[in-house]
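These notes are about the structure you will find just below.
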Amino acid sequence: MNDHAEAVEGAVGQLTIIATPIGNLDDLSPRAQRAIGAAALILVEDRRHAQRLFQYLGVQPKTLALHEHNERALAPQIAQRVAAGEHIALLSDAGMPLISDPGFPLLALLREQQLPVTIIPGPNAALAALALSGLPSDRFSFEGFLPAKGGARRARIQALQREPRSMIFYEAPHRISETLADMTELWGADRGAALCRELTKIYEECLRDSLGGVAALLRAHPDKVRGEMTLVVGGAAEQTLEEADADRLLGPLLAELPLAQAVRIAASQSSMAHRFLYGRALALTSGRDPV
Numbered sequence: 582m583n584d585h586a587e588a589v590e591g592a593v594g595q596l597t598i599i600a601t602p603i604g605n606l607d608d609l610s611p612r613a614q615r616a617i618g619a620a621a622l623i624l625v626e627d628r629r630h631a632q633r634l635f636q637y638l639g640v641q642p643k644t645l646a647l648h649e650h651n652e653r654a655l656a657p658q659i660a661q662r663v664a665a666g667e668h669i670a671l672l673s674d675a676g677m678p679l680i681s682d683p684g685f686p687l688l689a690l691l692r693e694q695q696l697p698v699t700i701i702p703g704p705n706a707a708l709a710a711l712a713l714s715g716l717p718s719d720r721f722s723f724e725g726f727l728p729a730k731g732g733a734r735r736a737r738i739q740a741l742q743r744e745p746r747s748m749i750f751y752e753a754p755h756r757i758s759e760t761l762a763d764m765t766e767l768w769g770a771d772r773g774a775a776l777c778r779e780l781t782k783i784y785e786e787c788l789r790d791s792l793g794g795v796a797a798l799l800r801a802h803p804d805k806v807r808g809e810m811t812l813v814v815g816g817a818a819e820q821t822l823e824e825a826d827a828d829r830l831l832g833p834l835l836a837e838l839p840l841a842q843a844v845r846i847a848a849s850q851s852s853m854a855h856r857f858l859y860g861r862a863l864a865l866t867s868g869r870d871p872v
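For reference, each letter of the sequence shown is one residue, going 582 to 872 in the numbering used here.
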């Protein structure tokens, strides 16, 4: 028996965060299987979904549903059980718990009470999609799910206009076309993108193109608008110092004034050329860099 197995069977309580397959059940690690079998209680996002994994493993553990509607209320009870010496495991429906999934209130409480927490890493859709995308992966930003409502979604996309790192988004099939349309309008159709769907499953596919190209592919092939989706979008080109200065000057002015008036005031308050400032103003208001 390895050290980890001895630890989970001992008297010291702890919470074990366990990454579960995002599609192919064979991706569950042997260590994760042992930890699931040894846990006194398993916190699951959806009991029906978890049952498929338990049937695959041939186990029937004691479970407790932990989701966004009850996690704050249940956290003190679970922390008490960990403090009393129980070994409890936390699973999400797929992938790494807490990453756009429930669990943060519980982890915050365990941290506050200095109770033991460990992790068994494994499958993760965001990192798998980033690796498949062919876009820069040395620096990236995980943005999770965008707001469902159009106005809030567009505001978030606009706020990310100058983000230089590759960005990773989770999106639902019924919203992906609207999201791509908003990104194309606000960031430009030529921005590099990759839409990865059904990762590790039979119909796994990664559509690598520009934002406009991916959107066109989905319009031409509506049968692809289904399954679990992860969207990776290339970051914006790094700004020059002069561009950054211009944007900082223009931003507040454009929020209150018409474009032409904002540019005139900015030109009067700086040594930057009117034509240059006008181009930056167009970029800020349209979401696209001037050509």
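Even for Gly, the Cβ is constructed at its ideal location relative to N, Cα and C.
Here the structure is a predicted model, which means the values were calculated and not measured.
Thinking residue i and residue j are a contact (beta carbons under 8 Å), I'd like their distance in whole angstroms, please.
{"i": "Ala706", "j": "Gly676", "result": "5 Å"}
{"i": "Leu799", "j": "Ile757", "result": "7 Å"}
{"i": "Thr781", "j": "Pro611", "result": "Going by Cβ atoms, the distance from Thr781 to Pro611 rounds to 18 Å, so no, they are not a contact pair."}
{"i": "Leu688", "j": "Leu679", "result": "7 Å"}
{"i": "Ala654", "j": "Ile623", "result": "Going by Cβ atoms, the distance from Ala654 to Ile623 rounds to 18 Å, so no, they are not a contact pair."}
Considering only the alpha carbon of each residue, which of the options lies closest to residue i?
{"i": "Leu788", "options": "Ala801, Thr781, Lys782 and Ala774", "result": "Ala774"}
{"i": "His855", "options": "Glu837, Leu830, Ala836 and Ser867", "result": "Leu830"}
{"i": "Arg692", "options": "Asp674, Glu752, Ala664 and Ser714", "result": "Ala664"}
{"i": "Glu779", "options": "Ala801, Gly808, Asp790 and Glu759", "result": "Gly808"}
{"i": "Ser747", "options": "Phe723, Ala689, Val625 and Lys805", "result": "Phe723"}
{"i": "Arg615", "options": "Phe635, Val625 and Leu865", "result": "Phe635"}
{"i": "Gly725", "options": "Met810, Leu767 and Gly793", "result": "Met810"}
{"i": "Ser718", "options": "Pro745, Asp771 and Val795", "result": "Pro745"}
{"i": "Asp682", "options": "Glu626, Thr597 and Asp608", "result": "Glu626"}
Tell me the DSSP bridge mates of residue i?
{"i": "Phe685", "result": "The partner list for Phe685 (beta bridge, DSSP) is empty, contrary to what the question assumes."}
{"i": "Ser747", "result": "Phe721"}
{"i": "Glu752", "result": "Met810"}
{"i": "Gly676", "result": "Thr601"}
{"i": "Ala670", "result": "Thr597 and Ile623"}
{"i": "Ser791", "result": "Gly773"}
{"i": "Ile701", "result": "Ile599"}
{"i": "Thr644", "result": "Ile623"}
From residue i to residue j, what does the alpha carbon distance come to, in whole angstroms?
{"i": "Tyr784", "j": "Leu834", "result": "49 Å"}
{"i": "His668", "j": "Pro657", "result": "15 Å"}
{"i": "Arg869", "j": "Pro839", "result": "Confidence is the limiting factor: at Arg869 the pLDDT is only 47, short of 50, which leaves the residue's position unreliable, though a coordinate-based value still follows. Those two C-alpha atoms are separated by around 18 Å."}
{"i": "His648", "j": "Ile599", "result": "16 Å"}
{"i": "Glu797", "j": "Leu812", "result": "Correcting the residue identity first, residue 797 is Ala in this sequence and not Glu. Rounded to whole angstroms, Ala797 to Leu812 spans 15 Å at the Cα level."}
{"i": "Ile738", "j": "Pro803", "result": "24 Å"}
{"i": "Ala621", "j": "Ala736", "result": "45 Å"}
{"i": "Gly594", "j": "Ala660", "result": "10 Å"}
{"i": "Ala954", "j": "Gly731", "result": "Past the boundaries of the shown model lies residue 954; the chain is included only from 582 to 872, so the question cannot be answered."}
{"i": "Glu752", "j": "Ala733", "result": "15 Å"}
{"i": "Leu761", "j": "Glu824", "result": "26 Å"}
{"i": "Arg628", "j": "Ala646", "result": "6 Å"}
{"i": "Ser851", "j": "Ala843", "result": "12 Å"}
{"i": "Val795", "j": "Gly703", "result": "29 Å"}
{"i": "Asp790", "j": "Leu776", "result": "9 Å"}
{"i": "Leu690", "j": "Leu741", "result": "31 Å"}
{"i": "Gln694", "j": "Ala631", "result": "29 Å"}
{"i": "Met764", "j": "Ala770", "result": "8 Å"}
Given 8 Å, three or more beta-carbon pairs between the region 815-824 and the region 629-648: no
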